[in-house]
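For reference, each letter of the sequence shown is one residue, going -24 to -1, 1 to 355 in mature numbering (1 follows the signal peptide of the UniProt record, and there is no 0). Heads up: the structure comes next, in structure tokens.
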Amino acid sequence: MTAPRGRAAAVLGCLALTTLCLNACGGPPTTRLEKPATATSAQNAGGMGALAAAAKKEGRLTAIALPRDWADYGGLIDGFQKKYGIKVTVQEPLGHSQDEINALRSSGTRPTAPDVIDVGDSFARTAARQNLLAPYKVAAFDAIPGNQKDPGGRWSNNYGGYISIGCDARRVKLCPQTFADLLKPAYKGMVALEGDPTRSETAFASVYAAALANNGSFDDIRPGIDFFAELKKSGNFNPLPATSATVRDGRTPITVNWDYINLHAADELRGKGVNWQVSIPFDGSFAQYYALAVNRHAPHPAAARLWQEYVFSTEGQNLRLYGYARPVLMDVMRKDGTLDKTAAARLPTVEGTPQFPTDAQLEKARRTVDRGWTAAVSG
């Protein structure tokens, strides 16, 4: 039954007045406010001011596996502490993505649990499936490309780079430029990875890059495993995990790692008389981003969410550039004029537009490496 026109207008007018009264007289907010532990955005935590105040009251943030020389985490940690007065503690600074997931599982609700993680996006998907992550969308969430985030906000990629080959020119007469070069007899015992690809996203990406260089594809990572098996058989593979320490003292004179790690090493070592050369292999160009996420049981939930806001802010994203990493919001910042152009100009030039595996391709590749690496290379 249709109400008389005059009555309908009266009802609408009454509703409008009621809404106006609620908004003007301090009635219920349009957005339901949440405690930091359940807030899915700064807005429903009461705004950035309220989130920052709650985080300062907590006073601490516990992170894991964040070396200071990795994608300028030193600058980010220092900047966050200075801006908000919140002490940042980093557990297992040299840990890998799998170590971070294990820490979330084993620590449960204990006060020593990590508040936040930084993992390869294939590991982030695993953590999300295991219900280890809290949904939280930073203010810049809508600007993050769709293929670089979980639609529900459980993780978002923050920075990335290209797989590269680093080489100590003091110890290596002619540094390799491609994956094919790594098979040359001159490199006996020299070629190292950042870790075990079943635990390390960096090493996993290195295997993917090697696959692309050897007739593999996003659908077929097996040629990458076969390549490193051949390196081992020839005696060129060095099983020692490459770290900044092993690079400095020459134990890993050739390392396959992210360009931002090798480029930072080149800067650090230059003053020590080490000529560390970096090449992005054209035969196996592989780019990837790293995902940041909040622990579902974060002991410092407000600080965890405030950290996410900071590392996705213009300040945080530009700090990534100082560590040679490519911020996920780089294109957006270039367009709106907030990108640090001087820092961006230091990045190596890479031809073409980077392509990324799909979720299904990543999962298939992860299973293949988990099942085949030990027998082929580590066994």
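Built from N, CA and C at the ideal position, the CB exists for glycine as well. Remember, it's a predicted structure, so these values are computed and weren't measured experimentally.
Bridge partners - residue i, DSSP secondary structure assignment
i, result
"residue 213", "167"
"residue 357", "In the structure as shown, the chain begins at -24 and stops at 355. Residue 357 is therefore absent and cannot be evaluated."
"residue 193", "196"
"residue 63", "36"
"residue 234", "139"
"residue 109", "271"
"residue 8", "Residue 8 pairs with nothing; no bridge assigned."
"residue 303", "135"
Nearest-angstrom Cβ-Cβ length linking residue i and residue j, presumed shorter than 8 angstroms
i, j, result
"residue 269", "residue 103", "7 angstroms"
"residue 235", "residue 300", "7 angstroms"
"residue 117", "residue 98", "Contact doesn't hold; Cβ gap of about 21 angstroms is too wide."
"residue 41", "residue 75", "6 angstroms"
"residue 308", "residue 52", "About 19 angstroms; that fails the 8 angstroms criterion."
"residue 223", "residue 146", "With a Cβ gap of about 12 angstroms, residue 223 and residue 146 do not count as contacting."
Residue i to residue j span [Cα, whole Å]
i, j, result
"residue 335", "residue 278", "30 angstroms"
"residue 149", "residue 29", "56 angstroms"
"residue 114", "residue 10", "15 angstroms"
"residue 63", "residue 353", "41 angstroms"
"residue 154", "residue 19", "48 angstroms"
"residue 199", "residue 186", "7 angstroms"
"residue 151", "residue 275", "47 angstroms"
"residue 138", "residue 231", "13 angstroms"
"residue 331", "residue 257", "15 angstroms"
"residue 323", "residue 206", "32 angstroms"
"residue 32", "residue 285", "14 angstroms"
"residue 181", "residue 340", "14 angstroms"
"residue 244", "residue 221", "11 angstroms"
"residue 72", "residue 176", "5 angstroms"
"residue 190", "residue 156", "8 angstroms"
"residue 272", "residue 69", "21 angstroms"
"residue 161", "residue 210", "8 angstroms"
"residue 357", "residue 95", "This structure leaves residue 357 out entirely; the chain is present only between -24 and 355."
"residue 65", "residue 110", "20 angstroms"
"residue 260", "residue 34", "46 angstroms"
"residue 344", "residue 313", "43 angstroms"
"residue 78", "residue 226", "31 angstroms"
"residue 303", "residue 291", "11 angstroms"
"residue 55", "residue 178", "26 angstroms"
Short CB-CB distance (under 8 angstroms) between residue i and chain B
i, result
"residue 269", "Here chain B cannot be found, since the structure has a single protein chain."
Item to check | Inside the region 240 to 296 only - alpha helix (DSSP H) runs reaching at least 4 residues | outcome: Secondary structure remark: continuous alpha helix (DSSP H) runs of at least 4 residues inside the region 240 to 296, in chain order: 277 to 287.
Next on the checklist: For the region 168 to 179 against the region 278 to 289, do three or more pairs of beta-carbon atoms, one drawn from each stretch, fall closer than 8 angstroms, so that the two count as touching?
Outcome noted: The answer is no - the region 278 to 289 does not touch the region 168 to 179, with fewer than three Cβ pairs under 8 angstroms.
Checklist entry - Is the number of C-beta pairs between the region 235 to 250 and the region 286 to 304 that are closer than 8 angstroms three or more? => result Output reads yes: the region 286 to 304 touches the region 235 to 250.
Item to check | 4 or more residues per run - each alpha helix (DSSP H) lying fully within the region 35 to 60 | outcome: List check, alpha helix (DSSP H) in window: 49 to 60.
Checklist entry - What residue ranges within the region 111 to 148 form continuous beta strand (DSSP E) runs of no fewer than 3 residues, ordered along the chain? => result Qualifying beta strand (DSSP E) stretches, in chain order: 132 to 144.
Next on the checklist: Does the region 209 to 226 come into contact with the region 121 to 136, if we say contact requires no fewer than three beta-carbon pairs (one atom in each stretch) closer than 8 angstroms?
Outcome noted: No, because fewer than three Cβ pairs between the region 209 to 226 and the region 121 to 136 fall closer than 8 angstroms, the two stretches do not touch.
Item to check | Sequence ranges, alpha helix (DSSP H) only - wholly within the region 306 to 336, length at least 4 | outcome: Runs found: 306 to 312 and 317 to 320.
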